[in-house]
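A.B. asks: So that we are looking at the same thing, I have put the structure below in structure tokens.
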Amino acid sequence: MAFTNEEITDILLEAVGKAIKRDPATLSPDMRWVEDLNFKSVQGMKVCGLLNYKLKITVPLSALIECATLQDAVDMLAGMVE
């Protein structure tokens, strides 16, 4: 199933919001994982699980945390779902 970048962005922001217990509407693609969101690896595992379920792909935690911003993660995910 193909997803648009907008759909991937929405799915990622929803997953991140759930993981960090924050309203996805307060998140933006230019946010950085650690500096802006104080993101921890345990939260990353939850995000990966949600992305795996929603996008029907396997997202390695190592690939996710290598992305500097949420937009970098969207770009990576877009390449994985093509």
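For the sequence shown, counting from 1, position 49 maps to 42 in the numbering used here; every step adds exactly one.
Cβ coordinates follow ideal geometry from the N, Cα and C atoms, glycine included.
If we ignore side chains and look at the alpha-carbon of each, how far apart do T2 and L54 end up?
C.D. replies: Going by the C-alpha atoms only, they are around 17 Å apart.
A.B. asks: Compute every distance between the C-beta of I50 and the non-hydrogen atoms of the ligand GTP, then say whether any falls below 8 Å.
C.D. replies: Among the ligands in the structure shown, none appear at all, so the ligand GTP cannot be discussed.
A.B. asks: Are I13 and F32 touching if we call contact CB-CB under 9 Å?
C.D. replies: Yes; because the gap between Cβ atoms is below 9 Å, this pair is in contact.
A.B. asks: Along the chain, where does the alpha helix (DSSP H) containing M73 start, and where does it finish?
C.D. replies: That run of the alpha helix (DSSP H) goes L63 to V74.
A.B. asks: Compute the Euclidean distance between the alpha carbons of E0 and R15, then round it to the nearest angstrom.
C.D. replies: So the two alpha carbons sit approximately 19 Å from each other.
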